[in-house]
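**Student:**
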Ligand code: HEA
Ligand code: HEA
Ligand code: CUA
Ligand SMILES: [Cu+2]
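Here you go:
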C-alpha cells in the first residue's frame with residue numbers, strides 16, 4: 001500500500017485514490033459515508049424481503065414462497081434491518097457528525113474505526129450466504145429461540161458466526177465512539193454542552209458494549225448445543241430452553257434502545273433548529289436518556305411473559321417496564337415544549353422529526369399496553385406486537401434517519417436537496433407507512449399470530465390493505481435515493497455553510513461540504 | 001504522517017481490511033468444520049495465518065509509531081480508555097455464562113426436580129448432568145460408564161488460584177520496576193509472570209485430561225459439564241492470549257521498549273492479566289467451591 | 001405558563017368526553033378489538049385492555065393536541081417570533097409525576113387480574129396438553145383418555161386448488177372436548193420445540209416449553225366451538241397448527257368421557273383380529289393425515305429435509321424397515337417414534353396405505369397383530 005507520498009505537503013488531503021482510498025481510509029467522513037451507503041443498501045435488501053413477506057400475505061393460501069422460505073425471510077428481514085440498516089446507519093451518522101459536533105479532528109481510534117466498518121460487509125456476506133445452503137437460511141425468527149434454532153442446517157451456523165462478527169464490529173465501533181466523546185472534545189466543550197445527538201450516542205455506545213457480548217455468549221451456547229454436545233437448552237441434560245430467551249432478551253431489550261436513542265438524539269437536534277428556539281429541558285433530556293438506559297437492563301423478561309415465569313418475576317418486569325414510560329414521556333414533552341412558542345417552519349427534516357415524535361408515541365403507547373402482563377397474554381406473538389415494533393422501529397428509527405439525511409446532506413455534499421421531492425417523499429412515506437402498519441393492530445387484536453405464511457379468511461381484508469401499503473412504502477423510498485444521488489453528484493443547488501437559519505453548533509461553522517479534515521486546530525467553545 | 005493539532009492521526013492502513021478478510025475466512029472455515037466439510041481445517045488455517053500476519057503487521061506499525069514517540073499523552077488516554085471499555089465488554093461476555101450457571105443451578109434444576117409428572121425420580125441438586133444424564137459420584141472418583149464425578153476445589157484448582165494470583169503480583173512488581181527504570185528486574189519479573197501463566201495452562205490441561213479420561217466429565221455431561229467447560233474453557237482461552245501478550249511484552253522489554261512514563265502497551269497487557277485473574281477467582285468460587 | 005395549563009385542562013376535558021362515549025364493545029364485533037370473551041379471565045382482560053387503551057388515547061390526544069396547536073399557532077409563516085425559554089422546573093416535575101401516577105393507576109388492576117389468572121387451585125378436571133411439530137396431544141389425566149389433534153384443512157385449499165372453507169386453517173380432525181362451567185386446569189408441555197397454546201376467547205396463552213410444565217386454567221361460560229392457533233414459531237408448519245375446543249354442557253361432557261372409555265375398550269380388541277386390505281386402506285388414509293405435514297398429501301415430501309414416500313427406498317423396500325421407521329422413528333430427525341402416538345391398528349393401516357397408495361403399489365399389508373407383537 002505504498003501510495004506515492006505526492007501530497008505530503010498538503011497534509012489536509014493525504015490519501016490514496018480510487019478504491020484503495022475506501023479500503024484503507026482512516027478518515028471519519030469516508031468511513032461515515034461507507035457506513036451510510038451500506039446501511040441504505042441493507043435497508044433495500046431487508047425491504048425487498050419485507051415485500052416478499054407482504055406479497056405472500058396479500059391473500060390467504062400459499063402462493064409465492066413455501067413455509068420454510070417464509071420463515072427464513074422473516075428472520076433475515078429482521079436481522080438485516082436491525083443489524084444491517086439501523087445500527088450501521090446510526091454509526092454512519094455518528095462518524096460524520098460526532099467529531100464535527102465536538103470539534104475534534106477525527107475519531108479517537110481511526111484505524112479501528114475502519115476495521116469496525118469493514119467487518120460488516122463480510123459478516124453480511126456470511127449471513128446472506130446462508131440462504132443458499134442446502135437447509136436454507138435461519139428460520140427461527142430473529143430471536144433464534146432454542147430449541148427451534150438447534151434444528152436447521154449450516155445456514156444457522158453461518159448466521160451465528162455472522163452475529164459474532166457483527167458483535168465485534170459493534171463493540172469496537174462503540175468503544176471508539178465513547179473514547180472520542182470522552183477524550184476528543186474541543187476546549188470548553190463541557191459534557192453538559194454536548195449536543196444531544198452526542199449524548200444519546202454516548203449512552204447508546206455504553207449499551208452496545210454491555211449488551212452485544214451477552215448476545216455473543218447466547219449464540220455461542222447455541223453453537224455448542226448444536227455441535228459440541230452441551231446441554232444448555234436441553235432439559236434431558238438439565239438445561240432449559242427458556243434460559244436462551246433470558247440471555248437473548250438481556251441483550252435484546254437494551255438493543256431496542258440502541259435502535260432508538262440515537263433517533264431521539266437526531267430529533268433533539270432538528271426540532272430546535274426549525275423552531276428557532278433552544279431545546280427545552282436539556283438537563284432532563286440527558287437524565288431521561290440515562291434513565292431509559294438504566295431501566296433497559298432490568299425489563300428484558302417482558303418479552304417472555306407467556307413462558308410461565310414465577311408470579312413475582314412477572315410483576316417485577318411489568319412494573320419496571322411501565323416505568324420506562326416516564327423518562328420517555330419526559331422526552332416527548334420536552335420536544336413539544338421546544339416547539340411551543342417557537343417560530344416553526346416545515347422543511348423536510350422538520351416534517352420527518354414531527355412525524356417521528358407523533359408516530360413513535362403511538363408505538364410507545366402500544367408498548368405500554370404490551371407491558372401489562374394480563375393484556376400481553378392476548379397480544380403476545382400476534383400482529384399487535386408487529387405493529388408496535390414497526391411503529392417504534394420504522395417511524396421511530398428509520399424515519400429519524402431519513403430526517404437526519406435531509407438535515408445533514410446539504411452540509412456533507414454542499415448541495416441543497418430538492419425540497420419538493422423531499423416533501424413528496426415525506427408524505428408518501430408517512431401515509432403508506434400508516435396504511436401498512438396501522439391495520440396490523442386490528443389483525444393482532446382479532447387473533448392473527450405473527451410469523452405465519454398463511455392465515456384464516458377472517459384476516460383477509462386488513463392483510464390486503466397492509467400489503468398494498470407496503471408496496472407503496474417501498475416504492476416511495478426510491479425518491480429518497482434519487483434525492484441523495486442528485487446531491488452527491490452535485491446536480492442540485494449549492495448550500496450555504498449555515499444551511500438552516502436556526503441551526504446551532506460547530507458543524508455549521510465549517511464549509512459545506514466540510515474539508516476532508518476539519519478542526520485540525522481545535523475550535524474554542526465558549 | 002499527518003499530525004493534526006496535537007493528536008496523532010494515522011495514515012490510511014491496509015491492516016483493518018486484512019483483519020476482516022482473516023476473520024471471515026476463519027469464521028467460514030469454522031462453519032465448514034462443524035458441518036463436516038473436508039477442507040475446513042485448511043480454510044481455518046489460512047484464516048488463522050491471515051490473522052497472524054495482520055497482527056504482526058498492524059501491531060508492528062503501532063509499536064514503531066509508539067517507539068517513534070508519535071503518541072502523546074492525549075493519544076495515550078484514548079488507548080487507555082479503549083482498553084478499559086474492551087475489558088468491560090469481556091466482563092459482560094463472561095457475565096452471560098455466569099448468568100447461565102446461576103439460572104440453571106438455582107432455577108432450572110429445581111423446576112425440573114419439581115415436575116414429577118415428566119421427570120419421576122429426578123431430585124435435582126448440584127452438580128448434576130440432568131434427568132437423563134450420567135449419575136454423580138463424589139468428587140475426584142474414577143467414573144464408570146453412565147457416571148461422572150467432578151474436580152474437587154482443593155487439589156489443582158486451588159494451586160492454580162495461587163499461581164494466577166501470584167502472577168498478578170509479579171506483573172505488578174514488573175510494573176514498579178519499569179516505573180523505576182530497573183530494566184533487569186522488569187525483565188525477570190515479566191519472565192516469572194509468563195512462566196506462571198503457562199504453568200497455569202499446563203495444570204489446567206492436566207485437569208481436562210483427567211476429567212475426560214477418568215472422571216467421565218465432558219462437555220456433554222449435562223448442564224454441569226456444559227457450564228464447567230465453557231466457563232473454564234473460555235477463561236483458559238483468555239489466559240492463553242494473555243500469556244502470549246505478556247510474552248511479547250517481555251520480549252519488547254528485552255528490546256528496550258517502554259519508558260518509565262510511557263508504556264501503555266505494558267499496562268494494557270497487565271490490566272488484561274488482572275482481569276483474567278479476577279475472572280478466575282469468580283470461577284474458583286462459583287464453579288469449584290460453592 | 002398558566003395559559004398552558006388552562007389550554008391543557010380544556011383539551012383534557014374535551015378528550016375525555018369524546019373518547020369515553022365510544023362503545024368499545026362495538027369494535028370487537030367488527031374485528032377491531034379483542035374478540036368477545038367467553039371466560040371470566042378473558043372478560044377481565046378485555047376490561048383491562050379497554051381501560052388502558054382509553055388512558056393511552058387520552059394521553060395521546062392531549063399531548064398531540066398541544067403539539068398541533070403549537071404547530072399551527074407558532075409557525076414562522078404566520079409571523080410568530082420565537083421565545084427563548086428553555087427551562088421550567090415546575091412543569092418538568094409535573095410531567096414526571098403525573099405520568100407516574102397514571103402508571104400506578106394502571107398497575108393496580110393489572111396486578112389484580114394477574115393474581116386471579118395465576119390461581120389454578122380447586123380445579124374440577126385436569127387436561128394435559130403436549131405440543132408436537134405440528135399437532136397437539138390431549139390427555140385427560142383423571143379419565144385416562146388421550147388423543148392427537150391435527151389440522152384437517154385439505155392441502156388443496158391451502159394450495160389454492162379448491163375454494164377455502166369457512167374455518168380455513170382453523171379446523172382439526174379431533175377437537176379437544178371440554179365441559180362448560182367447570183374449572184379446568186391445564187398442564188402444558190412440549191415434545192420438541194416451543195409451541196404456545198392459545199384460544200383468544202378464553203384469554204389464555206401459554207408457551208409449551210419442551211419437558212417443563214406450565215399451568216393455566218379456564219372456566220368456559222357457554223358450550224360451542226372455540227378456535228385458536230399455535231402462537232409460538234415452531235418451524236415450517238407453525239401456521240398450520242390450529243386448536244379447536246368443543247365445549248359441551250357438563251353433563252354432555254361426562255357422557256362423552258364414558259363413551260370414549262367404552263371405545264377404548266372396544267378398540268383394544270381391534271389389534272387382534274385380522275383386517276382386510278380395504279379396511280386397512282380406508283383407515284390408513286385417515287391416519288396418513290398425520291404424515292401430510294412432512295411427507296405431502298401425495299407422498300411427495302419436501303426434499304431435502306422431508307423425504308418423499310412415493311417410490312421411496314423404505315416405502316417400496318422391505319416391509320420390516322418400513323415398520324421400524326414408523327414405529328421407532330429416526331433419531332435426531334423430526335421423524336419421531338409413532339409407536340407412542342398411534343395404536344397398533346393405526347400403524348398397520350398407515351404402513352399398508354403408504355405401500356399401496358401415494359403412487360406405490362407393493363401389494364403387501366401388515367396386520368395390527370404383527371405390530372402388537374413388536375411392541
Ligand atoms: C426502537 C425499538 C423499540 C422501542 C423504543 C420500544 C419501546 C417499548 N416497548 Fe417494545 N419492542 C420492540 C422494539 C421497541 N420497543 C421490538 C422489536 C419488539 C418485538 C421483538 C420480537 O419479539 O421480535 C418489542 C416488543 C415489546 C414487548 C413484548 C411484546 C410481546 O412479545 O408480547 C413489550 C412488552 O412489554 C414492549 C414494551 C415496550 C415499552 C413499554 C416501550 C417503551 O419504551 C415505550 C415508552 C414510550 C411511551 C409510553 C410513549 C411516550 C410517553 C408519553 C407520551 C408519556 C405519557 C405516557 C404514559 C404515562 C402512559 N415491547
Ligand atoms: C428494524 C427495522 C425494521 C424495518 C425498517 C422493517 C420494515 C418493514 N417490515 Fe418488518 N420486521 C422487523 C423490523 C423491521 N421491519 C422485525 C424485527 C420483525 C420481526 C421478525 C421476526 O418475527 O423474527 C419484522 C417482521 C415483519 C413482519 C412480520 C412477519 C411475520 O411475522 O411473519 C412484516 C409483515 O408485514 C414486516 C413488514 C415490514 C414492511 C412492509 C416494512 C417496510 O417498511 C419495508 C419498506 C420497503 C422497502 C424499504 C423496500 C425498498 C424499496 C424497493 C426495493 C423499491 C422497489 C419496490 C418495488 C418494486 C415495489 N416486518
Ligand atoms: Cu406450534 Cu407454532
Ligand atoms: Cu423490550
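Protein chains in written order, with the numbering used here: chain H, 1 to 526; chain U, 1 to 290; chain B, 1 to 375.
Using N, Cα and C, we set each Cβ at its ideal position, and we do this for glycine too.
All values reported here derive from a predicted model rather than from experimental measurement.
Can you check whether the C-beta of residue 232 of chain H is within less than 8 Å of a C-beta belonging to chain U?
**Tutor:** Yes, because at least one Cβ of chain U sits closer than 8 Å to the Cβ of residue 232 of chain H.
**Student:** If you reduce the DSSP assignment to three classes, tell me which class residue 267 of chain U lands in.
**Tutor:** Correct three-state label for residue 267 of chain U: helix.
**Student:** Between which two residues does the alpha helix (DSSP H) containing residue 74 of chain U stretch?
**Tutor:** First-last of the alpha helix (DSSP H) with residue 74 of chain U: 73 to 103.
**Student:** Using a C-beta to C-beta distance shorter than 7 Å, which residues of chain H count as neighbours of residue 82 of chain U?
**Tutor:** Going along chain H in sequence order, the residues near residue 82 of chain U (Cβ under 7 Å) are 109, 175, 179.
**Student:** Suppose you measure from the CA of residue 527 of chain H to the CA of residue 479 of chain H; what does that come to, to the nearest Å?
**Tutor:** Residue 527 of chain H falls outside the range modelled here, since chain H spans only 1 to 526, and no answer is possible.
**Student:** Using a C-beta to C-beta distance shorter than 8 Å, which residues of chain B count as neighbours of residue 407 of chain H?
**Tutor:** Near residue 407 of chain H there are no residues of chain B at all, since even the closest Cβ is about 17 Å away, more than 8 Å.
**Student:** Between which two residues does the beta strand (DSSP E) carrying residue 225 of chain B extend?
**Tutor:** Residue 225 of chain B -> beta strand (DSSP E) spans 224 to 229.
**Student:** Which parts of the region 109 to 196 of chain H are runs of the alpha helix (DSSP H), unbroken and 4 residues or longer, counting only runs that do not cross its ends?
**Tutor:** Segments of the alpha helix (DSSP H) lying fully in the region 109 to 196 of chain H: 110 to 129, 154 to 183.
**Student:** When Cβ atoms are compared, which residues of the region 232 to 245 of chain B fall closer than 9 Å to chain H?
**Tutor:** So the list reads 232, 233, 234, 235, 236, 237, 238, 239, 240, 242, given in the order they occur along the chain.
**Student:** Thinking residue 400 of chain H and residue 266 of chain H are a contact (beta carbons under 8 Å), I'd like their distance in whole angstroms, please.
**Tutor:** Going by Cβ atoms, the distance from residue 400 of chain H to residue 266 of chain H rounds to 5 Å, so yes, they are a contact pair.
**Student:** Quick check on the burial criterion: 16 or more other C-beta atoms within 10 angstroms. Buried or exposed for residue 304 of chain B?
**Tutor:** Counting Cβ neighbours within 10 Å, residue 304 of chain B comes out exposed, since fewer than 16 surround it.
**Student:** Any idea what DSSP makes of residue 26 of chain B, helix, strand or coil?
**Tutor:** Annotation note: pLDDT 49 at residue 26 of chain B (below 50); position unreliable, coordinate value reported separately. In this structure, residue 26 of chain B counts as helix in the three-state DSSP scheme.
**Student:** Could you tell me whether the region 277 to 286 of chain H touches the region 214 to 224 of chain H, using the rule of 3 or more Cβ pairs below 8 Å?
**Tutor:** Touching, no, given that fewer than three Cβ pairs across the two stretches are closer than 8 Å.
**Student:** So does residue 332 of chain H have its beta carbon nearer than 7 Å to some heavy atom of ligand 6?
**Tutor:** Summarising the ligand content, the structure contains ligand 1, ligand 2, ligand 3 and ligand 4 and does not contain ligand 6.
**Student:** Using a Cβ-Cβ cutoff of 8 Å, what residues of the region 196 to 222 of chain B are near chain U? List them in chain order.
**Tutor:** Within the region 196 to 222 of chain B, the residues whose Cβ lies closer than 8 Å to some Cβ of chain U are 211, 212, 213, listed in chain order.
**Student:** Output the distance between the C-alpha atoms of residue 67 of chain B and residue 336 of chain H, rounded to the nearest integer angstrom.
**Tutor:** C-alpha separation (whole angstroms): 6 Å.
**Student:** Compute the minimum distance between the beta carbon of residue 233 of chain U and the heavy atoms of ligand 3, and state whether it is under 7 Å.
**Tutor:** Answer for residue 233 of chain U: no, Cβ out of range of ligand 3.
**Student:** So, is the C-beta of residue 306 of chain B closer than 8 Å to a C-beta in chain H?
**Tutor:** Not closer than 8 Å to any Cβ of chain H, the Cβ of residue 306 of chain B fails to qualify, so no.
**Student:** Taking the beta carbon of residue 110 of chain U as the centre, do at least 16 other beta carbons fall within 10 Å, making it buried, or is it exposed?
**Tutor:** Exposed: under 16 other Cβ atoms inside 10 Å.
**Student:** If I follow the unbroken beta strand (DSSP E) through residue 9 of chain U, where does it start and stop?
**Tutor:** First-last of the beta strand (DSSP E) with residue 9 of chain U: 7 to 9.
**Student:** Residue 111 of chain U versus chain B: which residues are under 8 Å apart at the beta carbon?
**Tutor:** Residues of chain B passing the Cβ test: 212.
**Student:** If we count Cβ pairs, one from each stretch, closer than 8 Å, do we get three or more for the region 92 to 103 of chain B versus the region 326 to 333 of chain H?
**Tutor:** Judged by Cβ distances under 8 Å, the region 92 to 103 of chain B makes contact with the region 326 to 333 of chain H, as three or more pairs qualify.
**Student:** Our contact map puts residue 88 of chain U next to residue 231 of chain U with C-beta atoms below 8 Å; I'd like the distance itself, whole angstroms only.
**Tutor:** Actually they are not in contact, since the Cβ atoms of residue 88 of chain U and residue 231 of chain U sit about 19 Å apart, beyond 8 Å.
**Student:** Please write down, chain order preserved, every residue whose beta carbon lies under 5 Å from a heavy atom of ligand 3.
**Tutor:** Having a Cβ closer than 5 Å to some heavy atom of ligand 3 are B:195, B:230, B:234, B:238, B:241.
**Student:** Does residue 361 of chain B come out as helix, strand or coil in the three-state DSSP assignment?
**Tutor:** Of the three classes helix, strand and coil, the one that applies to residue 361 of chain B here is coil, per DSSP.
**Student:** What residue range does the alpha helix (DSSP H) around residue 183 of chain U cover?
**Tutor:** From DSSP, the alpha helix (DSSP H) with residue 183 of chain U extends over 183 to 210.
**Student:** With 8 Å as the threshold, decide whether the Cβ of residue 227 of chain U is near any Cβ in chain B.
**Tutor:** So no, residue 227 of chain U is outside the interface.
**Student:** Do residue 104 of chain H and residue 77 of chain H have their beta-carbon atoms positioned less than 8 Å apart in this structure?
**Tutor:** No, these two residues do not count as a Cβ contact at 8 Å.
**Student:** Helix or strand or just coil, what does DSSP make of residue 80 of chain B?
**Tutor:** Note: residue 80 of chain B maps to coil in three-state DSSP.
**Student:** Quick one: which chain H residues come within Cβ less than 7 Å of residue 104 of chain U?
**Tutor:** Simply 238, 239, 240, 243.
**Student:** Anyone know if the C-beta pair for residue 492 of chain H and residue 512 of chain H falls short of 8 Å?
**Tutor:** Contact: no.
**Student:** Tell me the rounded alpha-carbon separation between residue 19 of chain U and residue 233 of chain H.
**Tutor:** When rounded, the distance between both Cα atoms is 33 Å.
**Student:** Could you pull out every residue in the same chain whose Cβ sits closer than 6 Å to the Cβ of residue 237 of chain B, ignoring the five residues on either side in sequence?
**Tutor:** Hits under 6 Å: 134, 293.
**Student:** In chain H, which residues lie less than 7 Å from residue 100 of chain B when you measure between Cβ atoms?
**Tutor:** Those within 7 Å of residue 100 of chain B in chain H are 326.
**Student:** What does residue 71 of chain H reach in chain B if we use C-beta pairs closer than 8 Å?
**Tutor:** Those are 233, 235, 236, 238, listed as they occur along chain B.
**Student:** Buried or exposed: which applies to residue 60 of chain H, given that a residue is buried once 16 or more other Cβ atoms fall within 10 Å of its Cβ?
**Tutor:** Buried is the call here.
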